[in-house]
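Protein chains in written order, with this note's numbering: chain A, 3 to 317; chain B, 181 to 425. Ideal Cβ positions, reconstructed from N, Cα and C, are used throughout, including at glycine. Read through the structure below, which is laid out as structure tokens, and then see the notes.
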Amino acid sequence: MNNAVGATVAEPTGRAAGPPAIKVSGLYKSFGDVRAVDGIDLQIASGEVVAVLGPNGAGKSTLIDMVLGLTRPDRGEISVFGNTPREAITRGVIGATLQEGALLDDVSARELLTMAASLHARPQPIEEVLRITGLTGLADRRTRLSGGQRQRLRLAMTLVSNPRLLLLDEPTVAMDVEARQLFWASMREFTDGGRTVVFASHYLDEAEDYADRVVLIRSGSVIADGTVPEIRSVVAGRSLSATVPGANAEHLRELPGVVTVEARGDHFDLVCADSDAAARELFARFPRAHDVEIAAISLEKAFLALTSAEGGETR
Amino acid sequence: MNTGFLVLEVKRVGRARQFWIGALFFPTVLYLMQANLFRGDIADRVGVDFSEYLLGSLAAWAALFVALNIGSRVALERATGWQRQLRITPLSPTSYLIAKLTASLVVALPAITAVAVTGGLLEGVRLPIVGWLQLILGIWVGSLPFALLGVFIGQIASADSVQALTSISHMLLGVLGGAMFPVVAFPEWMQRVSAIIPSHWLAVIGRSPFEGDSSVGLSALVLAGWTVVLGTAVTLRYLHDSAQD
């Protein structure tokens, strides 16, 4: 784990000149007593593929809605390629797939896509989009589509607009494994051309397979922001707890493979990137260590670990 | 101006069978019923042939009936999130509005014509061709503010309440405006109220070929005023609808 993981404004990757795809600063939004977004700063460079991960209710959807201009922030600034969200929408540079975004039941996929294409100056050819999303055979049907088919149609509506920035809010929620794979295969084919993609998800493996950067959000704040390997090294780790008489947190942090240490008297909870190495060295250095338990780490626990990780920021 | 959205909207109303049945039959049946029910006293008081008087009024009511029904479908589109989806596309409020109005006009024209044809064929109403055109096209264009009102109702109502709100509007505009029933059947005070209701002026346009009335210009002016007011209301509402505070 290194200092790159932290709730800081990420350095632009320098992959593309010009204004960042998304720049968010000092963003706050409350609904009644609930602070949905509680001070977010985030910069996403043009061409980046970013996963926004977090448990339900973390503020992901509110953040995306604000970037789309669907929700007005209480405080803070948002720019999309240097424009306000509304300007960016009007210029057609953003394509978004909303969670449970509505479709029309009285028109076919082809008719819907034809309309969506007509709204944009340089749309993607409809046949191409139908092929990429695997909807060619269903294009002229006016009957109700299945959940996965509807979600692919939502994606097709986004893709046909040929956007520079794709914002996908939980694009694969309620899809089975096969449908998810098909979905991401479509996305990969489409975004090879260096588009910026930001997607919200609570599936970690989606982030691993697809994103080059992961932003973790919890309770309306960014708790970690780093590359996939950086985040993965913590999340894929294991927790090791042990009673170690005579040791302190500093000692245990020096063990190989240890990411974080939490002490309660003689009892220690460690998050390890390599729990085998840590355990071997633990027994070697502290022969009196006992009650050792090693367990898989949950995503939630990993998030918690990250908030207290070195270089991370605790709010 | 975006034609893709307009084409889709027109296709959608074209497919909505329930609207066509209501639009073509309901005003026509109401016309035939009244033309044969009200005889004598009331019929004598309208000043022109009763079948003619009713034809003008109910053709106007057919237009506003259709316009309100089509427009208020917006409430369902808001409930399903379709409005939200449109808000994240570059579709301009103007294109949105023009498409909604066109969809309403597409159904209104046959609805008005159905009442006119019924009058001509079954009630023996006679007009020169110019008169028929004045009646049909006058009401058709005059139905625009009602299409806007329908959209506005759709914008402020929920999916549950839209049906009730639309029906109340049909009744208020139809009864008080004297488009649904002959206004001479009402007490004096209701006839006076009628003069401030926009549907009164649409019915005046509808009856103008029979009455030789010179207030067509005034009617057009009043309805144009309503068009501007409601058009502004709908546009503002569209812009702010999806932005939650």
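### Task
Tell me whether B/ILE336 sits in a helix, a strand or coil according to DSSP, three-state version.
helix
### Task
Spatial neighbours of B/GLY318 within its chain, please: CB distance less than 8 Å, with the 5 preceding and 5 following residues excluded, ordered by chain position.
ILE385, GLY386, SER388, VAL396
### Query
Of all the options B/SER379, B/VAL246, B/GLY334, which has the alpha carbon lying nearest to the alpha carbon of B/LEU256?
B/GLY334
### Query
Three-state secondary structure (DSSP) at B/ARG253?
coil
### Query
Listing by chain order, which chain A residues have their CB less than 7 Å from the CB of B/LEU188?
VAL109, GLU113, MET117
### Message
Between A/ARG93 and chain B, is the shortest Cβ-Cβ distance under 8 Å, so that the two count as touching?
### Response
yes
### Task
Indicate the three-state DSSP secondary structure (helix, strand or coil) for A/THR145 in the structure shown.
coil
#### Entry: Any C-beta of chain B under 8 Å from that of A/GLY78
no
### Any C-beta of chain A under 8 Å from that of B/LYS191
yes
### Residue-level contact to chain B via CB, A/GLU89, 8 Å cutoff
no
### Message
Cutting at 7 Å between CB atoms, please list the residues of its own chain near B/LEU188, excluding the five before and the five after it.
### Response
none
#### Entry: Spatially closest choice to B/VAL364 from B/LEU419, B/THR293, B/PHE218, by CA coordinates
B/PHE218
### Message
Using only CA atoms, which one of A/LEU132, A/LEU147, A/GLN153, A/ARG197 lies nearest to A/LEU167?
### Response
A/ARG197
### Cβ pair count under 8 Å reaching 3, the segment 109-126 of chain A against the segment 176-188 of chain A
no
### Message
With H, G and I counted as helix, E and B as strand and the rest as coil, what does DSSP make of B/PHE366?
### Response
coil
### Task
Please compile the residues from chain B whose C-beta is within a distance smaller than 9 Å of the C-beta of A/LEU254.
Result: empty, since nearest Cβ-Cβ is about 48 Å, beyond 9 Å.
### Message
Among A/LEU70, A/ASP40, A/SER48, whose alpha-carbon lies nearest the alpha-carbon of A/GLY59?
### Response
A/ASP40
### Query
Which residues in the same chain as A/ARG320 place their Cβ atom closer than 6 Å to its Cβ, once the five residues preceding and following it in sequence are excluded?
With chain A represented from 3 up to 317, any question about residue 320 of chain A goes unanswered, as that position is not in the structure.
### Residue closest to B/VAL402, alpha-carbon to alpha-carbon, out of B/GLY392, B/GLU391, B/LEU416, B/SER379
B/SER379
### Task
Pull up the CB-CB distance for A/THR145 and A/LEU161, whole angstroms please, since I reckon it's below 8 Å.
That belief does not hold up - the Cβ atoms of A/THR145 and A/LEU161 are roughly 23 Å apart, past 8 Å.
### Task
Mind the definition here: the segment 70-82 of chain A touches the segment 94-108 of chain A only if three or more C-beta pairs lie below 8 Å; say whether that holds.
yes
### Query
For the segment 183-201 of chain A against the segment 47-65 of chain A, are there 3 or more C-beta pairs whose distance is under 8 Å?
yes
### Query
If you measure from the beta carbon of A/GLY267 to each beta carbon in chain B, is any gap under 8 Å?
no
### Message
According to DSSP, A/SER81 sits in a beta bridge with which residue or residues?
### Response
A/LYS25
### Query
Do B/ILE316 and B/THR293 have their C-beta atoms within less than 8 Å of each other?
yes
### Query
Where in the segment 208-262 of chain A do unbroken runs of the alpha helix (DSSP H), each at least 4 residues long, occur, reported from the N-terminal end onward?
230-237, 251-255
### Message
Just to confirm, is the Cβ distance from B/ALA296 to B/ALA247 under 8 Å?
### Response
no
### Ordered list of beta strand (DSSP E) runs contained in the segment 36-89 of chain A, each at least 3 residues
36-46, 51-55, 77-82
### Task
Please state whether DSSP places A/GLN97 in a helix, a strand or coil.
Gln is not the amino acid found at residue 97 of chain A; the sequence shown has Gly there. Three-state result, A/GLY97: strand.
### Query
Since B/THR260 meets chain A, which of its residues come closer than 7 Å, beta carbon to beta carbon?
ALA104
### Query
Could you check where the beta strand (DSSP E) with A/VAL273 kicks off and where it finishes?
269-274
### Query
Since A/ASP278 is in the alpha helix (DSSP H), which residue starts that stretch and which ends it?
277-287
### Query
Among A/ARG77, A/LYS25, A/ALA23, A/ASP108, which residue has its Cα nearest to the Cα of A/LEU31?
Leu is not the amino acid found at residue 31 of chain A; the sequence shown has Lys there. Cα-wise, what sits closest to A/LYS31 is A/ARG77.
### Task
Taking B/VAL321 as part of the alpha helix (DSSP H), name the residues at either end of that continuous run.
309-322
### Task
Give the residues of chain A in contact with B/ARG197, contact being defined as C-beta atoms less than 8 Å apart.
What B/ARG197 touches in chain A: nothing, since even the nearest Cβ is about 10 Å away.
#### Entry: Beta-bridge pairing of A/LEU168 - partner residues as DSSP gives them
A/GLY97, A/VAL199
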